[in-house]
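What the sequence shown shows, in my numbering, is residues 11 to 346, in sequence order. In what follows, a single structure is set out as structure tokens and then discussed.
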Amino acid sequence: MAWDVRAANGIWLPQAGWWLDARTATPRAIVSHAHSDHVARHKELVCSPPTARILRERLPGRRLEHVLPYGRMEPLTLDTAVSLHPAGHILGSSMVQLHHERGTLLYTGDFKLKPSLAAEACAPPRSDVLIMETTFGLPKYVFPPREETIGRMITFCRETVAGGAVPVLYCYSLGKSQEVLMALAPAGLPVMLHPAAVRLTRVYEQLGWRFPPYREFMPDSAAGHIVICPPPHNGGGLLRHLPARRTAVVSGWALDSSATYRNRTDAAFPLSDHADYPELLELVELVQPKLVYTVHGFAREFAATLRARGVEAWALGGDNQLELFTPPGKISPSPH
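Set out below in structure tokens:
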């Protein structure tokens, strides 16, 4: 049996009847991690134990959960099994491997090969077919060493406090806030977190993670503190209480020269929870797939890069419909 895979509202596996990272509610979905653009109110889902716990905090409600520890293989359908493997993106993030008598398929979700301060180490298995995210799929996206970026971020915070202002670091509440909190430990400055980040950091702590001291944001006592806050469009107006402040965005997109202008910040630091371009290439070497499909970001460009390197690779998206576990020579991918 060949696998029919379609990219639209996530990745749809019609013959199995399951979605991968569907963005709207579906009967059955495998959820790679708990970021809001990868989950919805599904009736039935498969995910890792940390993802299940985070979803109960972020998306409460009744559903059937199949909580699958890393590395354990469980039946998904009569002829297909599933296993989850650490993706290194945020706590609980998973690569999804499907096992069939015709071969294996690995879906990365969002991932990072370099070690994270607040996530499990990435452990991609080998697979016959690979569906991979390519958010930073251009050669210009090469992140500097983490220690260098953290050092610059700490210097920014210390200089801001010394100048009488409050340093504000824009970080999403899940994943990035916890990583930056860990990274700031050498700064020797007290840290305040946005209330949403506090709730999720406490979930991490319930799951066994330990962090440097922090407090929930209080505008009247923020002087002398570093404030970790979501970006302004979802920060809830918190910053209007801090007239004396300097802001910085913490994102892989900080490598773009327009990052500070686009985010209206004083600085930008390229600390990412995604793989950069060299890591994308490294993943393909680790997985050793016969066939690669790319999704998100610079999917077409990265697929072309792989083809130039002798790897069968095509961007998956739009109305593109492809069969997996079929010899690559029989596939006619859309030229678009």
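Glycine included, C-beta positions come from ideal geometry on N, C-alpha and C.
### Query
Given a threshold of 16 other Cβ atoms within 10 Å of its Cβ, counted over all protein chains shown, does Lys122 qualify as buried or as exposed?
buried
### Message
Pull the bridge partners of Cys57 from the DSSP assignment, please.
### Response
Val77
### Query
Cα-Cα, which of Thr90, Ser268, Gly234, Ser267 is closest to Arg256?
Gly234
### Query
What are the boundary residues of the alpha helix (DSSP H) that Pro205 is part of?
205-216
### Task
Could you round the C-beta distance between Ala133 and His109 to whole angstroms and report it? I think they count as a contact, below 8 Å.
Wrong, their Cβ atoms sit about 16 Å apart, outside the cutoff.
### Query
Which residues in the same chain have their Cβ closer than 6 Å to the Cβ of Val178, if we skip the five residues on either side of it in sequence?
Val237, Cys239, Arg255, Thr257
#### Entry: Any 3 or more C-beta pairs closer than 8 Å across the segment 203-210 and the segment 141-153
no
### Inter-residue CB distance, Ile40 and Leu210 (contact presumed, cutoff 8 Å)
Contact doesn't hold; Cβ gap of about 22 Å is too wide.
### Task
Can you grab the Cα-Cα spacing for the pair Arg162 / Leu290, in whole Å?
25 Å
### Message
Does the structure place the segment 42-51 close enough to the segment 112-119 that three or more beta carbon pairs sit under 8 Å?
### Response
yes
### Message
For Val208, tell me which candidate among Gly198, Ala18, Met228, Thr270 has the shortest Cα-Cα distance.
### Response
Met228
#### Entry: Nearest candidate by alpha-carbon position, reference Leu267, set Pro288, Tyr303, Val176, Lys150
For clarity, residue 267 is Ser in the given sequence; the question names Leu instead. Among Pro288, Tyr303, Val176, Lys150, the Cα nearest to that of Ser267 belongs to Lys150.
### Task
Going by CA-CA distance only, name the one from Val260, Leu296, Val139, Arg250 that's closest to Phe153.
Val260
### Query
How big is the Cα-Cα spacing for Glu1 and Leu148?
Residue 1 cannot be examined here, being either before or after the span of the chain that is shown, 11 to 346.
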